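Residue numbers (the UniProt record's numbering), protein chains in the order written: chain A, 1 to 552; chain B, 1 to 586. Worksheet: the structure to be examined is printed underneath.
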């Protein structure tokens, strides 16, 4: 975890160093403003002539140039350091989550938080480092300047500022936990609102508006109470801070004033010192903020680390036979796969279209995972063209045997982009596939129309047909489909079945389904139940168990 | 798509005025506390000026008494005023902001279904989350910071003027530069910030798209594409963020110029006035420190102006929702009892705004215990018909009558009890399983909930959940499968115990084994009620008392299953296609 934080923060070492140096000179410039003003008032306005005044004003101008330019380029370097650190982390998380070997599947929201909020927080820590280094330097410079003016005053300022910070931190810490918990309550109200509106059609359908509103109201009232309590806590922190700062300044002014009255401190230096004593609180506060910022960054780095170091779900064979050639329609074998009843099933699927009907409702999902090698089971073994798939590179396996699970994602983009994702065979192939999946109604007018996020503009049936078209367009030697037409009406389903049969004539196709329309066009149907039966759809209908399975 | 309206600036201002004028004393107290805190802040420079004058006039140790007393008094008074202004402002603005949030949700729930669909769910959700947060954040943070900084500036300028009017004039030299900077900033920087938010949104969408489809991306070998899209969108967001930083640093650079001009002018004026014996050196000191004390507040005011403007725009969008929903209906007015046992649609037609007619001249009658099935190809208007019958939409022509009145005119809760509509969109609400069920009847006992689950056959899997009925499900909790969500919706419908139930493809998407269980559950829900069922799977239709075949918004065939099969029309074709291979089953 530690190396992760370090490498992330040092993603752009030159920018980080630049930011430290320039933030430092910015702080120096800020520290010098009260000094120059004090000396100008004390020396030039009090005693000197126009030339002296002009000289100090030029110096003030130079100081403003210094602090302004330092901040400008320091902030930019800091932003680069922060942004690129977060960017690199984001890509690292993306690479791990998307790795073909799997093992990093978590809820999308969880992954998103790690790739955005956590990555940003670790990145922001680069900025914190620059700020802290510069602030520490500024505190040092201010203390040296104060001590050189008057040791007593310097020590008073230092002691007072440290006490002030310690007290302020103590007050703030008492409120942090409280305000954090309350912020969460307020956030929950927002989440509740979003959730309610996402289900608004359900609410309206059953006339549950009152109940839903009442539920939201409870959350919202709690949120408001929490916000008020937090605002109250913040107001008291503000008040206490104002009081402490006031006392600090009163003491320092008293000490400085007394010194000046005895002549130990010239007026110019008194004004400078008082200005510095107000200035120094800011950088000290930044330095004090380092520890909590580090803790936050560490917690985020740990969360990212936990993900990026997750064990893969499957191990890719090191010496996998990448060069192996496969026939146009390879045979797929599954052996010794345990099913719910406790029995083990073994079967083999050759060229042509094979329907697979599962009595065990969980079997289709497991089969699909196993065939795509999303995981390795202790029991089931999969052979592709006689070769154990565990000895093949994942990329080769998934290119030769394309597995389309029931839920096919639709990505932002156009119909054409979605349908053509798995093929380089050009527009004709895409058009043919769209037609076969009866998704050509989505073209040609809509072919170039963006579908919105996750195909939000498509209905369930349209999404399913587009997903099927994409799988068909790939023209993979082996295609496995899991319940590909559940959201499609009966007429369309039988049209798809016929076209699919023609398109996949010379390939190997396995359709896991209970749809009679699809099973009817299969060259062969396998029924995986208590007994394993093999034959044509018409033949199998003679079997009671099979009939029950396909008669929904 | 027509987004919901946005309230004009005038309406937003009127709303803000209502908030402050409703509690005038509190408003005055906030103002008084804020001014007091700012005035106390002037104590420091004044005291330093007095000390300087004391030193110059060799007044001795007594000269320290007054300034120290002033400092101590300002420390105490300022602290009290700071606390009071923060606490009072929260008391003034937070309750109305909370009330507004409820009003907006209430209004959203009152929006007609058409309006909601036309605006898109995203519009409403972004208003009730993003805009609400923006307004709340502004009310709790930026508003207070802005007010106290603005008052501090005003008070300081008055303070400068009270030392000598020429000091105030010198200080005001910075104002044109600041005004110009602010104008530049709002013009140049705002589009960049908007682009930054958009880029971040695009990045989030790309990440969610990839993270939501990991198994498919692996199976389809789409990793490189997904990674490429993440890289591009993240890099784009970085670019815009860096552009935003460049704009912000230019903004502060210009403010630095203003600071120098003002400070230099005050020092020059101080020199001239001290030499002319118009003011003492102490006053010159005070003036310079006054002005240096303005740097922070000026930065604050200019930096949060943008946030406040955005919040005002957000407020406009929130108020827009309430405008779109119209005034709340008095539920008592529409609360009358529902008598009569039949639901009748006469010549019902409907058309989406600017679209073609989707339902045309539909007549139907559902009695209690009577089941009607509607079949037809996708896009034939079945779902729209379902919402019309359920009273969720008002027909353009024709009437839907339940016991002598239009269901659309029923009080909301009563409408649900009369006609419950269950669509295939089975949202699981964040909360417990029991919470999800109790939407239908908040007062239902656990035993009652269990009874409904048992009746629809969902008790087995609910019992298997870690906490049973009390398991947190939905967003942030345990994810339920589509099938489980649908099952829960059916149990909820049973709990509601409506006179009529409308099932819109409520069981269409499920796989085979699941579909059987859901079919059985649907049968339980329909038992003893009038039912309208819209289904792709024709066995649901086959057992109905009457089947309506829809095509292009019209009912083209109607009758019982055997009757329609014998007629050999569209239904016969549908049935043959669906039952291809199944005929032998029967």
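Just so you know, even glycine gets a beta-carbon here, dropped at the ideal spot from N, CA and C. Just so it is clear, the structure is predicted and the values come from calculations on it, not from any experiment.
Interface residues of chain B facing residue 83 of chain A [CB-CB closer than 8 Å]: 238, 241, 242
Residue 110 of chain A in three-state terms, based on DSSP: Here residue 110 of chain A sits in helix by DSSP.
Simplified DSSP state of residue 339 of chain B, which is helix, strand or coil: Caution is warranted here: a pLDDT of 49 is assigned to residue 339 of chain B, below 50, making its placement in the model unreliable, and no coordinate value can be reported.
Beta carbon proximity, residue 290 of chain B to chain A, threshold 8 Å: no
Under the three-state DSSP convention, the category residue 111 of chain B falls into: coil
Beta-ladder partner(s) of residue 452 of chain B, from DSSP: Answer is none; residue 452 of chain B lacks a bridge partner.
Per-residue burial, residue 363 of chain B [other beta carbons within 10 Å of its own, 16 or more giving buried]: exposed
Where residue 260 of chain B meets chain A, residues with beta-carbon distance less than 8 Å: Correct list: 60, 61, 64.
Rounded straight-line distance, which links the Cα of residue 299 of chain A to that of residue 156 of chain B: 44 Å
Alpha helix (DSSP H) runs wholly inside the region 186–274 of chain B, at least 4 long, in chain order: 190–211, 214–219
CA nearest to the CA of residue 48 of chain B, picked from A:42, A:75, A:347: A:42
Cross-strand partners of residue 388 of chain A (DSSP beta bridge): Answer by DSSP bridge pairing, in chain order: A:383.
Contact list for residue 408 of chain A against chain E, beta-carbon separation under 8 Å: Looking for chain E here will not work: the only protein chains present are A and B.
DSSP bridge partner residues for residue 532 of chain A (one or two, in chain order): A:528
CB contact below 8 Å: residue 395 of chain A versus chain B: yes
Residue 300 of chain B vs residue 52 of chain B beta-carbon contact at 8 Å: no
Under 8 Å by beta carbon: chain B residues contacting residue 506 of chain A: Neighbours of residue 506 of chain A on chain B: none; closest Cβ ~22 Å, over 8 Å.
8 Å contact criterion, which residue 128 of chain B and residue 194 of chain A should meet: CB distance rounded: 7 Å
Close beta carbons around residue 226 of chain B, own chain, < 6 Å, minus the five adjacent residues each side: When the five nearest sequence neighbours on each side are left out, the beta carbons in the same chain lying within less than 6 Å of the beta carbon of residue 226 of chain B are those of 210, 217, in order along the chain.
Host alpha helix (DSSP H) of residue 365 of chain A (start-end): The continuous alpha helix (DSSP H) containing residue 365 of chain A extends over residues 363–371.
Near-chain A residues of the region 418–434 of chain B (beta-carbon distance less than 9 Å), N- to C-terminal order: 418, 419, 420, 421, 422, 423, 424, 425, 426, 427, 428, 429, 430, 431
Residue 533 of chain B, DSSP secondary structure in three states: strand
Rounded C-alpha distance that separates residue 526 of chain A from residue 474 of chain A: Between the C-alpha atoms of residue 526 of chain A and residue 474 of chain A there is a straight-line separation of about 25 Å.
Bridge-paired residues (DSSP) for residue 478 of chain B: DSSP lists B:473 as partners of residue 478 of chain B.
Inter-stretch contact (C-beta, 8 Å, three-pair minimum) for the region 253–263 of chain B and the region 134–153 of chain B: no
Residue-level contact to chain B via CB, residue 405 of chain A, 8 Å cutoff: It does: the Cβ of residue 405 of chain A has a partner Cβ on chain B nearer than 8 Å.
CB contact below 8 Å: residue 184 of chain B versus chain A: no
The region 81–99 of chain B touching the region 267–283 of chain A, judged by at least three CB pairs closer than 8 Å: no
Integer-rounded CB distance, given that residue 11 of chain A should sit under 8 Å from residue 85 of chain A: 4 Å
Status (buried if at least 16 other CB within 10 Å, exposed otherwise) for residue 594 of chain B: This structure does not reach residue 594 of chain B, given that chain B is present from 1 up to 586, and the question cannot be answered.
Any C-beta of chain B under 8 Å from that of residue 40 of chain A: Proximity of residue 40 of chain A to chain B, defined by a Cβ-Cβ separation below 8 Å, is satisfied.
Validate contact between the region 169–187 of chain B and the region 105–119 of chain B using beta carbons, cut 8 Å, 3 pairs: no
Residue 204 of chain B versus residue 313 of chain B - alpha carbon distance: 23 Å
Environment of residue 230 of chain B [buried if 16+ CB atoms lie within 10 Å]: buried
Exposed unless 16 or more other CB atoms sit within 10 angstroms - verdict on residue 561 of chain B: buried
Of the listed residues B:384, B:292, B:400, B:573, nearest to residue 345 of chain B (C-alpha basis): B:400
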